[in-house]
Amino acid sequence: MVALKRVVDYNVRVRVKSDGSGVETDGVKMSINPFDEIALEEALRIKERGQAEEVIVCSMGSADVQQQLRTGLAMGADRAIHVETSGAIQPLTAARILLKLIEKEQPGIAFLGKQAIDDDCNQTGQMLAALWDRPQATFASKVDIENGTATVKREVDAGLETIAIDLPAVLTSDLRLNEPRFVKLPDIMKAKRKSLDAMAMDELGVEPAAELEAVSFEPPPKRGGGKMVESVDQLVSELKNKGLL
Amino acid sequence: MSRILIIAEHDGTTLNVATAKTLTGARAMGVDDIDVVVFAADPAAVAGQAAELAGVSRVLSVAGADFEHPLAARLAPEVAAIAGDYSHILAPSTTFGKDLLPRAAALMGVNQVSDIMEVIDARTFKRPIYAGNAIVTVRVPEGGPVVATIRTASFAASDGGGSASVEERQPQASDPGHTRFVKVEGSDGEGPDLSSAPIVVSGGRALGSSDNFAIIYGLAKKLGAAVGASRAAVDAGYVPNELQVGQTGKIIAPDLYFAIGISGAIQHLTGIKDAGTIVAINKDAEAPIFEIADLGLVGDLFEIIPELEKAL
Ligand SMILES: Cc1cc2nc3c(=O)[nH]c(=O)nc-3n(C[C@H](O)[C@H](O)[C@H](O)COP(=O)(O)OP(=O)(O)OC[C@H]3O[C@@H](n4cnc5c(N)ncnc54)[C@H](O)[C@@H]3O)c2cc1C
Ligand SMILES: Cc1cc2nc3c(=O)[nH]c(=O)nc-3n(C[C@H](O)[C@H](O)[C@H](O)COP(=O)(O)OP(=O)(O)OC[C@H]3O[C@@H](n4cnc5c(N)ncnc54)[C@H](O)[C@@H]3O)c2cc1C
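As you go down the protein sequences, you meet chains A and B in turn.
Just remember that my numbering sits 5 ahead of the position in the first sequence, which is counted from 1.
Just remember that my numbering sits 42 ahead of the position in the second sequence, which is counted from 1.
This is how it looks when you write it as structure tokens:
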């Protein structure tokens, strides 16, 4: 089971609305969170190696997220689940919803992105693992599966850590895990016939967690205007003037 | 009740400086009672170092053979078990804190505030979103603890000179057995640490090969600097992953940062927004890195770097 989040495309330079009430998302290009695309690619490869029977993609949000689910189906997922929520949900509620889906679908792996590039929370996978009371391997850059155990290389501050976890478990993908495949036109056509189940969050009996309140949004502080230098000597003397050398 | 608990990060013998930075963030919350908890196989040395940080009230020292490697599945229930005594549970926003704290937060039934960059009051914080292109002020609702990670690049390390008491505690949970540490591979640890070095020299895709990257290492050595890299350079295998700077790599705040042959993608810039002075060297005068650089020099890095090394 792979969670796909619909986010503002990573190429878009987002702007804070002038009244500070949020960021401008009207008319902006939306995509699958890049980490989730990587998670899906890995799940598809696991299936192609004969180590999984089915790949399910799921997403939470408004009806718009079905676009990203269709893309996931075109990439090769077998079926999709859309859990309709009124408005955006924060990580703990997302994890509670995913847990309900897990209880229904009984996947061997719940694969998430390590972070969503909109809110950059980096929480949902770890929370899901806690609620499910199963292992987690976050920031995965290599996954090997054998006899019900996943051996995972993780990108950590110190370098690459390897852990072994019993399945079922939660994995979250880092950037270097793989390069996602491109979707081909015939696959987009085929994806239209694949099953996409929609249900409301209430139907699942999920209790939303107390949400953090967003008080205001602002653009980041601007760095002061820079200066171009013409030569290495000028660069060195500028740095010396600033007391940096 | 206002009391803060900080989860110490360490390697078994030395307290990581990220903990002292988290402490500075904690002290900005206007809460006097700040405890630090150390989970380790043999916590005495690390607990002693934590007790010396100015502003710490108490150090909780929890020994357990299965704490040798900080596995989130093992530690999260321990954190949740002692959390009841505290209004705030904090950890650094390093891969250690990011892995552990959300798992503990879920056990406590609360959302986490990730990457606090500024403290407004005890329950209100600023944090970056969209790769740092926007800053949101969030307030944690009453009725539950504040569980948060602290963006270490935003806070200086607290000083020493403290003398907190050290209390021994027993583990509350047991090893679930389903998660096993195998090994960790890192660089040889030569040169200063990228996360805390005052000077960082980073190279990008332009270097073209790991052999060519030697020119970056050479300059860094001359400057006593740590080496960093863009994602493109890491993806291409020129340098190991732990050198990546940016949204999905390390967020750093050196006094002086050199971006060499790096275009300046937003995902890279978010990692260096708090740097003191940014120097960009790039052969393309239109490269976006020049928009944020304090000092820019247009030209071929393979000519400029040797010249620069000579001039230093
Ligand atoms: C204070 C605050 C205010 C907010 N206000 C708004 C707002 O006004 N408008 C708005 O659009 N958003 C808003 N959000 C964002 C929304 O609540 C986020 O979706 C939520 O915080 C999850 O964070 P994340 O996606 O960064 O989680 P992460 O933990 O970074 O996500 C990790 C992974 O979890 C999975 N995942 C997470 N969410 C979903 C999902 N919905 N569907 C499928 N998979 C998922 C993905 O695999 C993802 O890669 C707000 C968030 C906060 C904290
Ligand atoms: C979800 C996501 C997360 C990401 N996270 C990160 C991250 O954490 N960190 C990160 O760095 N990137 C990240 N990226 C990637 C980022 O978008 C860029 O692709 C990357 O930073 C580009 O690296 P670069 O500047 O080295 O390469 P390029 O963009 O290819 O730039 C190379 C530069 O070198 C210059 N050049 C070439 N030859 C020479 C020469 N001889 N002398 C001088 N200059 C020369 C060129 O003019 C060019 O400007 C992320 C991307 C995504 C989608």
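Heads up, the beta-carbon is just placed ideally off N, CA and C, and yes, glycines get one too.
Top-ranked residue by Cα proximity to residue i, from the options
{"i": "residue 226(A)", "options": "83(A), 20(A), 234(A), 32(A)", "result": "20(A)"}
{"i": "residue 124(B)", "options": "49(B), 138(B), 137(B), 86(B)", "result": "49(B)"}
{"i": "residue 248(A)", "options": "297(B), 277(B), 284(B)", "result": "297(B)"}
{"i": "residue 5(A)", "options": "48(A), 78(A), 45(A), 33(A)", "result": "Beyond the ends of chain A as shown, which are 6 and 250, falls residue 5(A); an answer cannot be given."}
{"i": "residue 42(A)", "options": "53(A), 63(A), 59(A)", "result": "63(A)"}
{"i": "residue 209(A)", "options": "39(A), 146(A), 98(A), 80(A)", "result": "98(A)"}
{"i": "residue 89(A)", "options": "235(A), 199(A), 205(A)", "result": "205(A)"}
{"i": "residue 175(A)", "options": "195(A), 198(A), 190(A), 145(A)", "result": "145(A)"}
{"i": "residue 212(A)", "options": "95(A), 8(A), 40(A), 191(A)", "result": "95(A)"}
{"i": "residue 252(A)", "options": "129(A), 240(A), 36(A), 219(A)", "result": "Chain A is shown from 6 up to 250; residue 252(A) falls before or after that span and cannot be answered."}
{"i": "residue 63(B)", "options": "121(B), 303(B), 133(B), 275(B)", "result": "133(B)"}
{"i": "residue 163(A)", "options": "303(B), 305(B), 292(B), 101(B)", "result": "292(B)"}
{"i": "residue 278(B)", "options": "264(B), 247(B), 299(B), 269(B)", "result": "247(B)"}
{"i": "residue 184(B)", "options": "72(B), 152(B), 238(B), 219(B)", "result": "152(B)"}
{"i": "residue 181(A)", "options": "131(A), 196(A), 160(A)", "result": "160(A)"}
{"i": "residue 211(B)", "options": "85(B), 173(B), 186(B), 323(B)", "result": "85(B)"}
{"i": "residue 173(B)", "options": "189(B), 306(B), 107(B), 340(B)", "result": "306(B)"}
Close Cβ partners of residue i (< 6 Å) along its chain, the five nearest in sequence each way excluded
{"i": "residue 196(B)", "result": "159"}
{"i": "residue 81(A)", "result": "49"}
{"i": "residue 240(B)", "result": "296, 297"}
{"i": "residue 93(B)", "result": "101, 206, 208"}
{"i": "residue 216(A)", "result": "95"}
{"i": "residue 12(A)", "result": "38, 121, 122, 123"}
{"i": "residue 122(B)", "result": "146, 149, 150"}
{"i": "residue 173(A)", "result": "113, 139"}
Exposure label - residue i; buried when at least 16 CB within 10 Å
{"i": "residue 284(B)", "result": "buried"}
{"i": "residue 138(A)", "result": "exposed"}
{"i": "residue 200(B)", "result": "buried"}
{"i": "residue 245(A)", "result": "exposed"}
{"i": "residue 198(B)", "result": "exposed"}
{"i": "residue 272(B)", "result": "buried"}
{"i": "residue 140(B)", "result": "buried"}
{"i": "residue 187(A)", "result": "exposed"}
{"i": "residue 165(B)", "result": "buried"}
{"i": "residue 4(B)", "result": "What the structure shows of chain B is the stretch from 43 to 354, and residue 4(B) is not part of that stretch, so it cannot be assessed."}
{"i": "residue 55(B)", "result": "exposed"}
{"i": "residue 121(A)", "result": "buried"}
{"i": "residue 303(B)", "result": "buried"}
{"i": "residue 150(B)", "result": "buried"}
{"i": "residue 58(B)", "result": "buried"}
{"i": "residue 190(A)", "result": "exposed"}
{"i": "residue 10(A)", "result": "buried"}
{"i": "residue 107(B)", "result": "exposed"}
Residue i - DSSP class collapsed to helix/strand/coil
{"i": "residue 137(B)", "result": "helix"}
{"i": "residue 286(B)", "result": "strand"}
{"i": "residue 152(A)", "result": "coil"}
{"i": "residue 353(B)", "result": "helix"}
{"i": "residue 236(B)", "result": "coil"}
{"i": "residue 109(B)", "result": "helix"}
{"i": "residue 69(B)", "result": "helix"}
{"i": "residue 328(B)", "result": "coil"}
{"i": "residue 173(B)", "result": "helix"}
{"i": "residue 159(B)", "result": "coil"}
{"i": "residue 52(A)", "result": "helix"}
{"i": "residue 340(B)", "result": "strand"}
{"i": "residue 259(B)", "result": "helix"}
{"i": "residue 78(B)", "result": "strand"}
{"i": "residue 130(A)", "result": "helix"}
{"i": "residue 178(A)", "result": "strand"}
{"i": "residue 9(A)", "result": "coil"}
{"i": "residue 117(B)", "result": "helix"}
{"i": "residue 220(B)", "result": "coil"}
7 Å Cβ shell around residue i - same chain, five flanking residues per side excluded
{"i": "residue 255(B)", "result": "245, 249, 280, 281"}
{"i": "residue 70(B)", "result": "161"}
{"i": "residue 15(A)", "result": "39, 122"}
{"i": "residue 262(B)", "result": "233, 243, 268, 269"}
{"i": "residue 100(A)", "result": "129, 132, 133, 136"}
Neighbourhood of residue i by C-beta distance below 8 Å, restricted to the same chain and skipping five residues each side
{"i": "residue 252(A)", "result": "In the structure as shown, chain A begins at 6 and stops at 250. Residue 252(A) is therefore absent and cannot be evaluated."}
{"i": "residue 260(B)", "result": "347, 351"}
{"i": "residue 17(A)", "result": "33, 34"}
{"i": "residue 276(B)", "result": "282, 283, 285, 286, 291"}
Any non-hydrogen atom of ligand 3 closer than 8 Å to residue i Cβ
{"i": "residue 11(A)", "result": "As presented, the structure is devoid of ligand 3, carrying ligand 1 and ligand 2 as its sole ligands."}
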